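Chains as they are written, first to last, in our numbering: chain B, 1 to 552; chain R, 1001 to 1552. Yeah, the Cβ is synthetic: ideal placement off N, Cα and C, and Gly gets one too. Because the structure is a prediction, the values reported are computed rather than measured.
2 protein chains.
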Amino acid sequence: MSKIEIVPLGGIGEFGMNCMGIRYGDEMIVVDAGMGFPEETPFGVDISIPNFDFLEEYRDNLTAIILTHGHEDHIGALSYILRRFNLPVYSSRFTLALTEKRLGEYGMLDDVLLHRVSAGDRIKIGVFEIEFIHASHSLVECFSLAIHTPAGTLIHTGDYKIDDTPVIGKPYDLEMLGRIGDEGVLALLCDSTNATVPGRTPSEMAVIPAFQEIFEQTEGRLFVSTFSSSLHRLQIIFDVAHEYGRKVCVLGRSMQKNVEIAEEHGLLKITHGTMIDLSAARALDDDEICYLVTGSQGEMRAALWNLATSTYKGLEIEKGDTVVLSARIIPGNEKSISRMIGHLYKRGANIIEEKRRLVHVSGHASQEDIRIMVETSRPKFVVPIHGEYRMLFRQKEFIKNHVAGYNDDNIVLIENGNVLEIDQYGASVVAEHELHKTFIDEESSEAIEFETVRERKRLAYGGAVSLVVTVDKSHKLTGEPHVTFQGVANIDPLNGFSAKARESVSKAVADMRPEHIADRKMFKENLRIHMKRFVQKELASKPVIVTTVVEV
Amino acid sequence: MSKIEIVPLGGIGEFGMNCMGIRYGDEMIVVDAGMGFPEETPFGVDISIPNFDFLEEYRDNLTAIILTHGHEDHIGALSYILRRFNLPVYSSRFTLALTEKRLGEYGMLDDVLLHRVSAGDRIKIGVFEIEFIHASHSLVECFSLAIHTPAGTLIHTGDYKIDDTPVIGKPYDLEMLGRIGDEGVLALLCDSTNATVPGRTPSEMAVIPAFQEIFEQTEGRLFVSTFSSSLHRLQIIFDVAHEYGRKVCVLGRSMQKNVEIAEEHGLLKITHGTMIDLSAARALDDDEICYLVTGSQGEMRAALWNLATSTYKGLEIEKGDTVVLSARIIPGNEKSISRMIGHLYKRGANIIEEKRRLVHVSGHASQEDIRIMVETSRPKFVVPIHGEYRMLFRQKEFIKNHVAGYNDDNIVLIENGNVLEIDQYGASVVAEHELHKTFIDEESSEAIEFETVRERKRLAYGGAVSLVVTVDKSHKLTGEPHVTFQGVANIDPLNGFSAKARESVSKAVADMRPEHIADRKMFKENLRIHMKRFVQKELASKPVIVTTVVEV
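This is the structure:
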């Protein structure tokens, strides 16, 4: 009997870009196809996606994509994987509604087969049988997956928390999980995002009292910013606004889109007349309106940044306004959020942050949630997923020290590009591939070559020199070389540096042997090296040198 | 009688780069000349310094530079300001020792007049009389300044905390501060770094129990990473190491330098034989050694990063090692620290972070320290300094709500480049200058033009196209254009894009009127625009276009 192969393409050792291949025999399913948010933004890179080249060797094995839920770090790369591998997609109604919207924008809807499944369903995809376990999270209609294979059952938790009292939908389906646990689980692939956090993650309900207080005490206008996908939170804000006699106006495209889809599907229940548009909102008194806005992470294109720094559709933050930041700080956004808060204070706003009031709870399992997950499913092996290595490690450490029966042998740490073979007798990494993530160019939304990004980094670091020389048929220089500088440091325009550079090149060429000029490749390379040394000596700079040889 | 003019060049609305001009009549002193750590590092920018161009208009007024203490964000730009304005420098023995080291490296020592002052001193610099108040902070020999002028007395706190039991030196000199307060203080310029933190900042002593426990319980090798300037912390580590029978080996240049200077000046008291070099350290058993290392912020050039990811002078982190991160996370460093921790875990190290054990305390005043500062000095006005706008604002809010007698009128928020006029009758901003910070090029350590950094950003974002065309005397194209791409996205090398680009340019030139080619400036600009549109249409890219016209 074969072993199961687990092949993570993303999300292990990093936040976001979650994607994993699971193979048995000659069939492979892909769980999630998420996008990531790399640090390469200064280089015109907007997002990253998993390196789907890597799946080419499995092309004939691929049978389906399963999406655990609708967050961008789980579905954001779907259009890219589907363009290369036309696979059927399985997920919940709401997750599919979000993906349909996106695929429709790319004109891809006609070519894609979307299968709607519900919590509790059990479906067969070739050799795999998959059960969809209702999972609680900050989003709705999320799944943990039980993936049954002839070599045993895997549980893939997706993103989850054990929420006994979610605002929308039911608690995490521990009963179903327990039943599958009783039947025997080979491995648990378990979300590590909050594995460093002790205790239980508070229920989505936990923020209601703070919001009630805020709505009760606030006299001016209220602006609440949260993730547009945090549907429980949106429901609470609509409910509390209604309770305290405020209308709600939604600002920011992603928030409007999500509210629309969620209401269409009956997930968000908005009392008739509570949600109003901007012109109606502006006609109301300050204590009658709550704006629900995008931009809690200080994103410069989102509504809140514009409200704080200039105007958003004619609206701006003013003295007396109250701004509630109902979201955590995603690592990497600290500085932009801090800057945005500075702008809000300058405008005279009162700011309520999660540090000071309970206006946000996490959507991810803390340590005691993880304990419940492990103790309910009782897997033979635990494989921490979703998180930087630090979180994966801390999940291992926690389970090892706090759940009986687990140790270094049955908690397995893997990395992106690893191939983990697993069956009843053991789990071991049998191959390690180095996967460069695929960067997406911000202008074209197309994949951008890794090498191109490297070139941009070099240009960014030292600028560029364009050197043009003209040679005649006798391999002699004709006229003066042309030198142009872009982003090169320490050029004093007054001291005739360009002239000096031109002279230096002319002299260097005069010293070269004709056969070394005749060999154009060698000639160009020698010019490049000469210019590089000249610039480094004169300016202590290391620009990229681009040489062009014109022949006349 | 004149008013005092307060002119901040840095440190207001930002972390770091602290520098302030204080003028009375036709005399101006400068308090601190610090460096900043801008986000422009991808563009070859290492550090930033205040825009000293701005001081040119005060050139004839400048009389002295006073340094409150020796942290880089207060002294790091000293060599740059001294090269332009040869002013005498006043500070403590230890601060001067740190600056001497740096100025010596630049060969500037002979030209600079350094005046050593001690806590309690009162000196006269022209119209100003300055008293140096002993301040407690994470560093030693720090000052708050009382700056007496005919229009009243300013207190500049520098960086401080009210530490009643520092490890090295005396507590904050509240007696002196109180005496000056009794004499009357016009304005308090007060550190805001920790103005969002409730309560008192714990004493430097507070970390001793945690370190004693760690040294007692650890069996393997110990690595402690902290800021190399945190002398109290270093003293504690040397003491506790000695107490528990470990030797200390210092790794990393800045740490070695600071330990050397501090020991030379009798500030750091190291029991004979406790500090050993690397080769002696390697000969010891694991439980006999503590390495004191740089790199708590995940800096890729520092000792700890190298220990974690490869080797540092033949040494590397191994299974069984314990690493103590005895420092806070400076905003902006979250990701690199998290990555470093991941590497440490992978190597099998045990990691102790300040989040989980009391192995770090701040050097800055929390809210209750600020209250003590205000209540002891009883200034007419408070001007929050040192911090992002958010912290300045929160200091104002705290004092307004928690210290009697202060309100919107006598707590004054200013920004870099403002000119604040102040006397007994009022305080108001009379001018607002926009100050671009000065970037320092990483390769040359020289100032790099703001415009050059902008060019680099454009290159980084879209890459560059070099276009070369050759025209003859009749303004006709000779030969084919040359096109070179660097960092341009979406070029498929197989589809002959370069040929297409060349053709397109040839055709465009053929369509131009000879007089438009004869006007070389117009010709180049038209070529640039043509190429820009072509690339944008074909590739959806926005590179920088560099055009060269060769004449034959």
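Select from the options the residue whose C-alpha is nearest the C-alpha of residue i.
i	options	result
Leu189(B)	Gly496(B), Gly11(B), Glu515(B), Tyr461(B)	Gly11(B)
Ser254(B)	Glu299(B), Met512(B), Val383(B)	Glu299(B)
Asp1286(R)	Glu1219(R), Leu1358(R), Ile1168(R)	Glu1219(R)
Ile6(B)	Leu67(B), Leu103(B), Trp305(B), Leu413(B)	Leu413(B)
Asp159(B)	Ile385(B), Asn418(B), Glu442(B), Ser541(B)	Ile385(B)
Gly487(B)	Thr470(B), Tyr461(B), Ala508(B)	Tyr461(B)
Arg1023(R)	Thr1068(R), His1148(R), His1074(R), Gly1044(R)	His1148(R)
Gly1479(R)	Pro1514(R), Glu1446(R), Phe1037(R), Val1550(R)	Val1550(R)
Val1045(R)	Ser1192(R), Met1512(R), Pro1198(R), Gly1036(R)	Gly1036(R)
His475(B)	Lys500(B), Asp511(B), Phe450(B)	Asp511(B)
Gly1178(R)	Ile1168(R), Glu1131(R), Asn1194(R), Gly1169(R)	Glu1131(R)
Ile1422(R)	Leu1435(R), Glu1432(R), Lys1380(R)	Lys1380(R)
Asn1490(R)	Gly273(B), Asp492(B), Val483(B), Glu451(B)	Glu451(B)
If we ignore side chains and look at the alpha-carbon of each, how far apart do residue i and residue j end up?
i	j	result
Leu555(B)	Glu1263(R)	With chain B covering 1 to 552 only, the question about residue 555(B) has no answer from this structure.
Pro88(B)	Ala64(B)	5 Å
Glu1288(R)	His1360(R)	23 Å
Ala365(B)	Val429(B)	26 Å
Gln212(B)	Val240(B)	6 Å
Phe223(B)	Ser338(B)	17 Å
Phe128(B)	Arg1454(R)	54 Å
Met522(B)	Ser1498(R)	21 Å
Ser1377(R)	Val1185(R)	7 Å
Arg392(B)	Lys532(B)	The question names Arg, but residue 392(B) is Leu in the sequence shown. Cα-Cα distance, rounded: 45 Å.
Cys1142(R)	Ile1155(R)	14 Å
Arg233(B)	Glu204(B)	7 Å
Leu539(B)	Ala1033(R)	26 Å
Gly252(B)	Ala303(B)	5 Å
Lys457(B)	Ile448(B)	13 Å
At a CB-CB cut-off below 7 Å, which residues of chain R make contact with residue i?
i	result
Arg455(B)	Going by the sequence as given, residue 455(B) is Glu instead of Arg. Result: Gly1463, Gln1486, Gly1487.
Phe393(B)	Tyr1345
Ser466(B)	Ser1466, Val1546, Thr1548
Arg390(B)	Ser1338, Ile1341, Gly1342, Tyr1345
His482(B)	Thr1548, Val1550
Since residue i meets chain B, which of its residues come closer than 7 Å, beta carbon to beta carbon?
i	result
Asp1441(R)	Ala489, Asn490
Along the chain, where does the alpha helix (DSSP H) that runs through residue i open and close?
i	result
Pro1514(R)	1514-1518
Met176(B)	174-183
Asp1046(R)	That residue, Asp1046(R), is in no alpha helix (DSSP H); its beta strand (DSSP E) goes 1045-1049.
Met391(B)	389-402
Glu243(B)	231-243
Lys1257(R)	1253-1264
Using the beta-carbon of each residue, which ones in chain R are nearer than 8 Å to residue i?
i	result
Ile448(B)	Ala1489, Asn1490
Lys521(B)	The premise fails here: Lys521(B) is roughly 14 Å from chain R at the closest Cβ pair, so nothing lies under 8 Å.
Lys476(B)	None at all; the shortest Cβ gap to chain R is about 13 Å.
Taking residue i as the query, report the chain B residues whose CB atoms sit under 8 Å from its CB, ordered along the chain.
i	result
Leu1539(R)	Ser444
Ala1460(R)	Pro42, Phe43, Gly44, Arg456, Lys457, Leu459, Ala460
Gly1013(R)	Gly342
Glu1334(R)	Pro331, Gly332, Glu334
How is the beta strand (DSSP E) around residue i delimited, first residue to last?
i	result
Ile1289(R)	1289-1293
Glu980(R)	The structure shown has nothing for residue 980(R), since chain R only spans 1001 to 1552.
His482(B)	482-486
Arg1502(R)	Here Arg1502(R) belongs to no beta strand (DSSP E); instead the alpha helix (DSSP H) covers 1497-1511.
Ile1545(R)	1544-1551
Cβ of residue i versus every heavy atom of the ligand NAD: is any distance shorter than 7 Å?
i	result
Ile351(B)	The ligand NAD is not part of this structure, which contains no ligands at all.
Which residues in chain R sit within 9 Å of residue i, going by Cβ to Cβ distance?
i	result
Lys161(B)	What Lys161(B) touches in chain R: nothing, since even the nearest Cβ is about 21 Å away.
Gly479(B)	Val1550, Glu1551, Val1552
Please list, in chain order, the chain B residues whose beta carbon lies closer than 9 Å to that of residue i.
i	result
Glu1124(R)	According to the sequence provided, residue 1124(R) is Lys. The question's Glu does not apply to it. Under the 9 Å cutoff, chain B gives no residues; its nearest Cβ is about 39 Å from Lys1124(R).
Scan the region 1406-1465 of chain R and note each continuous beta strand (DSSP E) run of 3 residues or more that stays entirely inside, going in chain order. 1418-1423, 1426-1432, 1438-1441
List in chain order: all unbroken alpha helix (DSSP H) runs of 4+ residues lying wholly within the region 1092-1159 of chain R. 1093-1105
Which runs of the beta strand (DSSP E), 3 residues or longer, sit entirely within the region 1051-1082 of chain R? 1062-1066
Return the chain-ordered ranges of every beta strand (DSSP E) run that is complete within the region 1297-1356 of chain R and spans a minimum of 3 residues. 1322-1325, 1350-1353
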